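J.: Chains as they are written, first to last, in this note's numbering: chain U, 1 to 268; chain X, 1001 to 1418.
Here's a structure for you.
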Amino acid sequence: MSTELDTPVGAAATNPTPAADRAATGREAVFRVYRGDAKGGQEVEYRVPVETGMVVLDAIHWIQGHVAPDLAVRWNCKAAKCGSCSAEVNGKPTLMCKSRLDHFAEGEPITVRPMKTFPIIKDLVTDVSWNFEVNKRIPPFQPREKAEWKWMQTDIDRVQEFRKCIECFLCQDVCHVLRQHELKHQFAGPRFFVRIAGLEMHPIDGADRTGFLKDHAGIGLCNITKCCTDVCPEGITITDNAIIPLKERVVDRFYDPVQWVWRKVTGK
Amino acid sequence: MIATGGVGKAFKVTSNSWEYTADGQALAFDVGAELIDMEFVQFHPTGMVWPPGVMGLLVTEGVRGEGGILRNSKGERFMWKYLPEARRNEYADDEDEAARWVEAAVAAKQTPDRRPPELSTRDNVARAIYTEVREGRGTPHGGAFLDISYLPADRVKKKLPSMYHQFMELADVDITKQPMEVGPTMHYMMGGIRVDPDSGAATVPGLFAAGEAAAGLHGANRLGGNSLSDLVVFGKRAGERGRVRARDPGAHDRAVRDRGLRARNARAVRSLGRRGSVRGPSRATRLHGPLRRHLPREGGPRARAHGPRRARGAREAGTGRGHAHVQPRLAPRARPAQPDHRVAGDHAQRAAAPGEPRRALATRSPGHGSAFGAVNMRAVKSGAEMKVEPTPLPQMPEELKRLFEPAKEKEREKEKVG
């Protein structure tokens, strides 16, 4: 049976989309993929035939299908929309489905490692559940009383940017406060400053999150290196549009002496 | 509780995540549950066709809504040719009218103009592109051109940002300057596990299903947006009833033990840890090629039976043992099954058997319309075989029928006037 199975049954002659049959490039790429779990592991080398337009996730799937069926990888949409296939490719936090092989130097090995900031489960899969716990603590959307549910387009555009987040957690992975200093208990991380910015700048929202930002989200720990903005696959200007305006709100509220006096005098 | 989604991975070109392997349907079938209407496979007309890694990836209907024009390799706007006569008067007469409609629609204004032919139904547009390609008027990579580049670049980037980036990053195509190449892509499985609409219960006691894995809600052709409401409503119902049942340990144990599910589970998990399977292409990888090479044709938008040999080939490809899909192995919480496509593939094949009238969504044998509309096609295990047979369509309950009467009355009046 296997010989018949392995032979394409007249497909090439009549298939209207024979694109895949023409895709082989004859080249091979060398991958060093991290294999291991919480107890430890190492990079393992795999050679993968290269197809036109191939991305790193395709290569990982090829390895899974042909050499290492027990290779663990989390993924879903293959279209940079679900935020599942985050990993570190040649040291850079990125979505594997968006990393084209032809953007890497030919012949150079490509390393693929799991996100370092989160505990590893197996191979390329990490446990990102800490993020969901942080998320639960953020004071949710709370409409102002008698708010008018009619907004200006500019207000929509401002918060719309923050809604583009796909929760790939690459910004959390790259942030040195979490990655090197491991301050997960003090610092919410860029992803959640983005969420809070979306709530705080929402024209209908009436909740005040400045105290939360200062005391629980640890926004003061961010020293605006902009690494998060660099790795965001959705192109959200995390540092400039979310974090810095939030820092300003915290400063206005807690550290600006003029405002402090003004509030004392006016009682506001 | 089965909520494993559809069957996309059985097809070479699909917009689905490749996790949709029909495992749930196969499991249910194996324990004797009925599957219905597995020949109803929906193709989205516009998926990417190049490069191979993104083949099938969805190109949103929004592109056509914003004014995207479909052309073949000769530059012809071919959709005019494919409009069904009965609905011809719902579409623009010429390019000018179509363009005016787009401008009005984008500005959310009322207009007497009619919509562009590109906005015909999904099955029709998919069939049209397929036909153009098959008749030799396809693009270099076997699709049709979808062009939005005649609009100002800023407008395209603002209205279709995700498409702009998708083509730029994955295909090196700037859609504000060049046309996209698109073709039909397997998008949704209307068929699946037969369930009771109130409880999500399958035809086997103790088994529940919801979402794309279940069937019966979307008829032969799901409408856009409806699967999300399906999940919310029927997922909740199935979850609630499933929970009630699960809390009755007697019933639960009986159902599972009787059908040997635990033994199956143990066997599947054992095979994941087997050392021998870690070298060479997995069985699944070897089986997928042939199966996927068959289904796009046999079950594709212009599906036809091509004689017993091809049908047999696909069936054999689908009957192999082994894991049809190699997934993350977070052992031992792995997939509790011998997951495979054979059920889906087999059913789709059987529906395409030579000499029998076809009832697929995209191609139906002429003259069978009303008869086909009155039945569900049921697949059920009979010994080692799959038995496929028509069963009467469930009748709509009276209270629901009443809701439809006024609408139908209106339709009839409209027809009289028209």
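Glycine included, each C-beta is placed from N, C-alpha and C at the ideal position.
On a predicted model such as this, the values are computed, not experimentally measured, just so you know.
1. If you measure between the beta carbons of residue 1142(X) and residue 1049(X), is that distance less than 8 Å?
2. Against chain X, does residue 229(U) count as a neighbour if the rule is that its beta carbon must be under 8 Å from one of theirs?
3. Using a Cβ cut-off of 7 Å, pull out every chain X residue sitting near residue 154(U), in sequence order please.
4. Going along chain X, which residues have a C-beta under 9 Å from residue 54(U)?
5. Note down, in chain order, each residue of its chain lying with its Cβ closer than 8 Å to the Cβ of residue 237(U), except the 5 sequence neighbours on either side.
6. Quick check: residue 1012(X) and residue 1020(X), are their CB atoms within less than 8 Å of each other?
7. In this structure, how does DSSP classify residue 1058(X) when only helix, strand and coil are distinguished?
8. Please list, in chain order, the chain U residues whose beta carbon lies closer than 8 Å to that of residue 1166(X).
9. Is DSSP giving residue 1040(X) helix, strand or coil here?
10. Counting pairs of Cβ atoms below 8 Å between the stretch 244-256 of chain U and the stretch 1220-1237 of chain X, do you hit three or more?
11. So which of 1114(X), 1022(X), 1083(X), 1170(X) has the shortest CA-CA distance to residue 1122(X)?
12. Residues bridged to residue 1381(X) by DSSP?
13. Does DSSP put residue 1170(X) in a helix, in a strand, or in coil?
14. Taking only beta-carbon positions, decide if residue 1171(X) is within less than 8 Å of chain U.
15. Kindly indicate which three-state DSSP category residue 138(U) falls into: helix, strand or coil?
16. Consult DSSP for residue 26(U) and reduce its assignment to one of helix, strand or coil.
17. Going along chain U in order, which residues have a C-beta closer than 8 Å to the C-beta of residue 984(X)?
18. Using a Cβ-Cβ cut-off of 6 Å (strictly less than) and excluding sequence neighbours within five positions of residue 1108(X), which residues of its own chain qualify?
19. Compare the C-beta of residue 157(U) against all C-beta atoms of chain X and say whether one is closer than 8 Å.
20. Ignoring anything shorter than 3 residues or poking outside the stretch 1099-1185 of chain X, list the beta strand (DSSP E) runs there in chain order.
21. Taking all protein chains shown into account, do 16 or more other C-beta atoms lie within 10 angstroms of the C-beta of residue 119(U), making it buried, or fewer, making it exposed?
22. Closest to residue 1068(X) by C-alpha separation, out of 1028(X), 1146(X), 1175(X), 1155(X), would be which residue?
23. Pick out whichever of 1202(X), 1407(X), 1222(X), 1248(X) has its Cα sitting closest to the Cα of residue 1378(X).
24. For residue 153(U) versus residue 206(U), is the C-beta spacing smaller than 8 Å?
25. Do residue 1106(X) and residue 1061(X) count as a contact pair if the criterion is CB distance below 8 Å?
26. What span of residues does the alpha helix (DSSP H) with residue 154(U) cover, start to end?
27. Quick check on DSSP: helix, strand or coil for residue 1409(X)?
28. Is there contact between the stretch 1147-1155 of chain X and the stretch 1163-1179 of chain X, where contact requires at least three CB pairs shorter than 8 Å?
29. By Cβ distance, which residues of its chain are closer than 7 Å to residue 1045(X), with the 5 residues on each side in sequence left out?
30. Does any CB atom of chain X fall closer than 8 Å to the CB of residue 208(U)?
31. Quick one: which chain X residues come within Cβ less than 9 Å of residue 98(U)?
32. Kindly indicate the opening and closing residues of the beta strand (DSSP E) around residue 95(U).
33. Between which residues of its own chain and residue 1153(X) is the CB-CB distance below 6 Å, once the five residues before and five after are set aside?
34. Is residue 1007(X) helix, strand or coil by DSSP?
35. Against chain X, with Cβ distances strictly below 8 Å, would residue 58(U) count as a contact?
36. With 16 other CB atoms within 10 Å as the buried threshold, where does residue 173(U) fall?
T.: In terms of the structure at hand:
1. Here residue 1142(X) corresponds to residue number 142 of the second sequence, with the count starting at 1. Here residue 1049(X) corresponds to residue number 49 of the second sequence, with the count starting at 1. In this structure, residue 1049(X) lies closer than 8 Å to residue 1142(X) by Cβ.
2. The residue given as residue 229(U) occupies position 229 in the first sequence. Judged by the 8 Å Cβ criterion, residue 229(U) is not in contact with chain X.
3. As a position in the first sequence, residue 154(U) is number 154, starting the count at 1. Chain X residues near residue 154(U): none, gap ~14 Å exceeds 7 Å.
4. The sequence position of residue 54(U) within the first sequence is 54, counting from 1. Correct list: 1051, 1052, 1053.
5. The count along the first sequence starts at 1 and reaches residue 237(U) at position 237. Leaving aside the five residues that flank residue 237(U) on each side, the residues in its chain whose CB is nearer than 8 Å to its CB run, in chain order, 161, 229.
6. Against the second sequence, residue 1012(X) aligns to sequence position 12. Against the second sequence, residue 1020(X) aligns to sequence position 20. Cβ distance not < 8 Å, so residue 1012(X) and residue 1020(X) don't count as in contact.
7. Within the second sequence, numbered from 1, the residue matching residue 1058(X) stands at position 58. Strand.
8. Position 166 of the second sequence, counted from the start, is the residue given in the question as residue 1166(X). What residue 1166(X) touches in chain U: 79, 80.
9. For the purposes of this step, residue 1040(X) is identified with residue 40 of the second sequence, where counting begins at 1. In this structure, residue 1040(X) counts as coil in the three-state DSSP scheme.
10. The answer is no - the stretch 1220-1237 of chain X does not touch the stretch 244-256 of chain U, with fewer than three Cβ pairs under 8 Å.
11. Here residue 1122(X) refers to the residue found at position 122 of the second sequence. Considering only alpha carbons, the answer is 1083(X).
12. In the second sequence, residue 1381(X) corresponds to position 381, counting from 1. 1386(X).
13. Position 170 of the second sequence holds residue 1170(X). DSSP places residue 1170(X) in helix when its eight states are reduced to three.
14. On the second sequence, position 171 is the one that residue 1171(X) refers to. Interface residue, yes.
15. Locating residue 138(U) in the first sequence gives position 138, where the first residue counts as 1. Coil.
16. Taking the first sequence and counting its residues from 1, the one referred to as residue 26(U) is at position 26. For residue 26(U), the secondary structure class from DSSP, reduced to helix, strand or coil, is strand.
17. Residue 984(X) cannot be examined here, being either before or after the span of chain X that is shown, 1001 to 1418.
18. As a working note, residue 1108(X) is residue 108 in the second sequence. Once the five neighbours on either side are set aside, residue 1108(X) has no close Cβ partner at all.
19. Translated into the one-based positions of the first sequence, residue 157(U) becomes position 157. By this cut-off, residue 157(U) is not an interface position.
20. Entirely contained in the stretch 1099-1185 of chain X, the beta strand (DSSP E) runs reaching 3 residues are, in chain order, 1144-1147.
21. Translated into positions along the first sequence, residue 119(U) becomes position 119. Its Cβ having fewer than 16 others within 10 Å, residue 119(U) is exposed.
22. Position 68 of the second sequence, counted from the start, is the residue given in the question as residue 1068(X). Selected option, being the one with the closest Cα: 1146(X).
23. As a first step, residue 1378(X) is located in the second sequence; it is residue number 378 there, counting from the start. Residue nearest to residue 1378(X) within the set 1202(X), 1407(X), 1222(X), 1248(X) is 1202(X) (criterion: CA-CA distance).
24. For the purposes of this step, residue 153(U) is taken as the residue at position 153 of the first sequence. For the purposes of this step, residue 206(U) is taken as the residue at position 206 of the first sequence. Contact annotation: residue 153(U) and residue 206(U) have beta-carbon atoms that are not nearer than 8 Å.
25. To locate residue 1061(X), count along the second sequence from 1; it is residue 61. To locate residue 1106(X), count along the second sequence from 1; it is residue 106. Cβ distance not < 8 Å, so residue 1061(X) and residue 1106(X) don't count as in contact.
26. Residue numbering aside, residue 154(U) sits at position 154 when the first sequence is read from its first letter. Counting along the chain, the alpha helix (DSSP H) containing residue 154(U) begins and ends at 153-163.
27. The count along the second sequence starts at 1 and reaches residue 1409(X) at position 409. The DSSP-derived three-state label of residue 1409(X) is helix.
28. By the C-beta criterion, the stretch 1147-1155 of chain X is judged to be in contact with the stretch 1163-1179 of chain X, since at least 3 inter-stretch pairs fall below 8 Å.
29. As a position in the second sequence, residue 1045(X) is number 45, starting the count at 1. Only 1122, 1125, 1126, 1129, 1184 meet the Cβ criterion.
30. Against the first sequence, residue 208(U) aligns to sequence position 208. The beta carbon of residue 208(U) does not come within 8 Å of any beta carbon belonging to chain X, so the residue lies off that interface.
31. Position 98 of the first sequence, counted from the start, is the residue given in the question as residue 98(U). Simply 1169, 1170.
32. In the first sequence, the residue the question calls residue 95(U) occupies position 95. Where residue 95(U) is concerned, the enclosing beta strand (DSSP E) starts and stops at 92-95.
33. Looking up residue 1153(X) in the second sequence gives position 153. 1176, listed in sequence order.
34. Your numbering for residue 1007(X) matches position 7 in the second sequence. Note: residue 1007(X) maps to coil in three-state DSSP.
35. Numbered from its first residue, the first sequence carries residue 58(U) at position 58. At least one chain X Cβ lies under 8 Å of residue 58(U).
36. Translated into the one-based positions of the first sequence, residue 173(U) becomes position 173. For residue 173(U), the number of other beta carbons within 10 angstroms of its own is at least 16, and it is reported as buried.
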